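In the numbering used here, the protein residues as written are 78 to 156. See below for the structure under consideration.
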């Protein structure tokens, strides 16, 4: 299967590109680690593969609507 064909089928199945899907998985895992209290935002970002903490913070806020530390604190209190 060619790469463009794979990307087209992937987008049809998930409504996002493979890169967007991978990014979402990484951010959700970071969110889970922080909510569990196992990691702070910096360590969670590094654990899931981000090299730039600034980029992680920007993408996290874009996806979840709040900075990582604030979101994690809310999730810990809610549990």
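C-beta atoms are modelled at their ideal positions from N, C-alpha and C, and glycine is treated no differently. Keep in mind that this is a model prediction, so the values were computed, not measured.
Give the secondary structure of residue i by DSSP, where H, G and I count as helix, E and B as strand, and everything else as coil.
i, result
"residue 92", "coil"
"residue 78", "coil"
"residue 106", "helix"
"residue 86", "helix"
"residue 118", "helix"
Assuming residue i contacts residue j (C-beta within less than 8 Å), just tell me the rounded distance between them.
i, j, result
"residue 218", "residue 110", "Since the first residue of the chain shown is 78 and the last is 156, residue 218 is not available in this structure."
"residue 112", "residue 152", "4 Å"
Here's the rule I'm using: 16 or more other beta-carbon atoms within 10 Å means buried, otherwise exposed. How should residue i be labelled?
i, result
"residue 115", "exposed"
"residue 95", "exposed"
"residue 104", "buried"
"residue 81", "exposed"
"residue 127", "buried"
"residue 90", "exposed"
Taking the alpha carbon of residue i as the point to measure from, which residue in the options has its own alpha carbon closest?
i, options, result
"residue 107", "84, 82, 86, 118", "118"
"residue 99", "136, 151, 149, 146", "136"
"residue 102", "86, 83, 78, 122", "122"
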